[in-house]
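Engineer: Here the sequence shown is numbered in this note's numbering, starting from 13 and rising by one per residue. Glycine is no exception: its CB is placed at the ideal position from the N, C-alpha and C atoms. Every value quoted in this text rests on a predicted model; they were computed, and no experiment measured them. Before anything else, here's the structure in question.
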Amino acid sequence: RQFGMSSGSSEGRTLLESLAASVLCGSLTGACYWSACYPFDVVKNRIMAAPDVTPPIYKNGLDCARQILSTQGARGFVVGIVPALLRSVPANASAFTAYELSMHLLRK
């Protein structure tokens, strides 16, 4: 049985091809996750970093998002995304690859 193939599959892939697919899928997963979640992370971080004053700077998450949008525009929600992507792409690629390789070795 080839790596990454179910027992009923007739088309086989080599271990190198399967690992390359795992690296690619892990990389894309990390990039997609952070691209979708990063604006929410920005709002969360702004609320957490806000000084503890009365009245609070942000009433809630929606108010924080509105303030970001009004002061910085849509770009304010993606400031700093490049380092997050540079960190997540290799991390997810290695996690996917390690999982697939472990499953392959455990099946032997």
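1. Determine the burial state of residue 129: buried for a count of at least 16 other Cβ atoms within 10 Å of its Cβ, exposed for fewer.
2. Which one of 59, 108, 86 has the shortest CA to CA distance from residue 72?
3. Apart from the five residues just before and just after residue 22, which ones in its own chain have a Cβ nearer than 6 Å to its Cβ?
4. Taking 8 Å as the cut-off, decide whether the C-beta atoms of residue 55 and residue 32 are in contact.
5. What ranges does the alpha helix (DSSP H) occupy inside the stretch 93–119, keeping only unbroken runs of at least 4 residues that lie completely in it?
6. Within 7 Å: the Cβ of residue 31 and any heavy atom of the ligand FAD?
7. Measure the Cβ-Cβ separation of residue 42 and residue 103 and say whether it is below 8 Å.
8. Could you give the first and the last residue of the continuous alpha helix (DSSP H) run that contains residue 53?
Structural biologist: On the basis of the supplied data:
1. Lying before the first or after the last residue shown, residue 129 is absent from the chain, which here runs from 13 to 120.
2. 59
3. Confidence at residue 22 is low in this model, with a pLDDT of 40, below 50, so its placement is unreliable and no value can be given for it.
4. no
5. 93–119
6. As for the ligand FAD, it is missing from this structure, which has no ligand bound.
7. yes
8. Where residue 53 is concerned, the enclosing alpha helix (DSSP H) starts and stops at 27–61.
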